[in-house]
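Engineer: For the record, the sequence lines run as chains G and R. Each residue of the first sequence is one higher than the last, beginning at 1 in our numbering. Each residue of the second sequence is one higher than the last, beginning at 109 in our numbering.
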Amino acid sequence: QQQVKQSPQSLIVQKGGISIINCAYENTAFDYFPWYQQFPGKGPALLIAIRPDVSEKKEGRFTISFNKSAKQFSLHIMDSQPGDSATYFCAASPPLTFGGGTRLMVKP
Amino acid sequence: EPEVTQTPSHQVTQMGQEVILRCVPISNHLYFYWYRQILGQKVEFLVSFYNNEISEKSEIFDDQFSVERPDGSNFTLKIRSTKLEDSAMYFCASSALLAGGTDTQYFGPGTRLTVL
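1) Once DSSP output is grouped into helix, strand and coil, what is the label at Glu152/R?
2) Between the C-alpha atoms of Ser7/G and Pro44/G, what's the straight-line distance to the nearest angstrom?
3) Can you round the beta-carbon distance between Ser174/R and Lys165/R to whole angstroms, since I take them to be within the 8 Å contact cut?
4) Please determine, among Phe62/G, Lys57/G and Lys68/G, the residue with the shortest C-alpha to C-alpha distance to Asp31/G.
5) When the cut-off is 8 Å and only beta carbons count, does Thr190/R lie next to chain G?
6) Alpha carbons only, please: which of Val132/R, Ser117/R and Ile146/R is nearest the one belonging to Glu193/R?
7) Find the residues of chain G that neighbour Tyr198/R, judging by a C-beta separation of less than 9 Å, and give them in chain order.
8) Below 7 Å CB to CB, which residues in the same chain sit around Gln81/G once its five sequence neighbours on both sides are set aside?
9) Looking at Val120/R: is its Cβ nearer than 8 Å to the Cβ of Ile134/R?
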């Protein structure tokens, strides 16, 4: 019930391309869905978050799409840059439950 | 910008020893958390703390773990008798009680615990 499944585990994208990471959850009591970005040796940092009453949220190059009926949500990174190379975690709360992570590499 | 701080950044200990990991949450935050991340794996919730008591804990947070807020600024995680499998990165996080219950948690940089 608490599990959050994330895919893919790793992703390689060319600079300027679109990175797409998908997540699915089971617990319908979750009501807050953040995405975290983690660089090596650092703690996760909040990137963008959505609540289930909206289907999409955009902040700069980052967009979350949310499908409540399918219990799925995804992160789209437009115009991906080498500086976006990091591990991305989707999460759902409460309590804050992380997906397995996606290691993104953006090639110059 | 306020941030969560953690000390030490790296702790090496012998199996069976007690360790205390320390955190200073963001000053006006009311909820405090500990997570762990085994190398290459996902971040796992350990415990949440509010109003000087544990509000929720996971199956991982067994009797060898304890948390404390000894003063107005520090939040600690104690592992009583460390095991090899306790080797991980431990993250502290804090969040403010916001209108609407948004659970935005801010993470510290972590303490890498190595149990030999």
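In this text, a Cβ means the ideal position worked out from N, Cα and C, and glycines have one as well. Note that the structure is predicted; figures quoted are calculated from it, not measured.
Structural biologist: Taking the geometry as given:
1) On the second sequence, position 44 is the one that residue 152/R refers to. Residue state, collapsed to three classes: strand.
2) Counted from its first residue, the first sequence places residue 7/G at position 7. Counted from its first residue, the first sequence places residue 44/G at position 44. Approximately 18 Å, taken between the alpha carbons.
3) Taking the first residue of the second sequence as position 1, residue 174/R is located at position 66. Taking the first residue of the second sequence as position 1, residue 165/R is located at position 57. 10 Å between Cβ atoms; not a contact.
4) Numbered from its first residue, the first sequence carries residue 31/G at position 31. Closest option to Asp31/G, Cα to Cα, is Lys68/G.
5) The residue given as residue 190/R occupies position 82 in the second sequence. Answer no: the Cβ-Cβ gap between Thr190/R and chain G never drops below 8 Å.
6) Numbered from its first residue, the second sequence carries residue 193/R at position 85. Checked all of Val132/R, Ser117/R and Ile146/R; the closest Cα to Glu193/R is Ile146/R.
7) Position 90 of the second sequence, counting from 1, holds the residue named residue 198/R. Going along chain G, no residue has its Cβ under 9 Å from Tyr198/R, so there is no contact; the nearest lies around 10 Å.
8) Numbered from 1 along the first sequence, position 81 holds the residue referred to as residue 81/G. For Gln81/G, where only same-chain residues beyond five positions count, the Cβ hits under 7 Å are Lys15 and Val106.
9) Numbered from 1 along the second sequence, position 12 holds the residue referred to as residue 120/R. Numbered from 1 along the second sequence, position 26 holds the residue referred to as residue 134/R. No; because the gap between Cβ atoms is not below 8 Å, this pair is not in contact.
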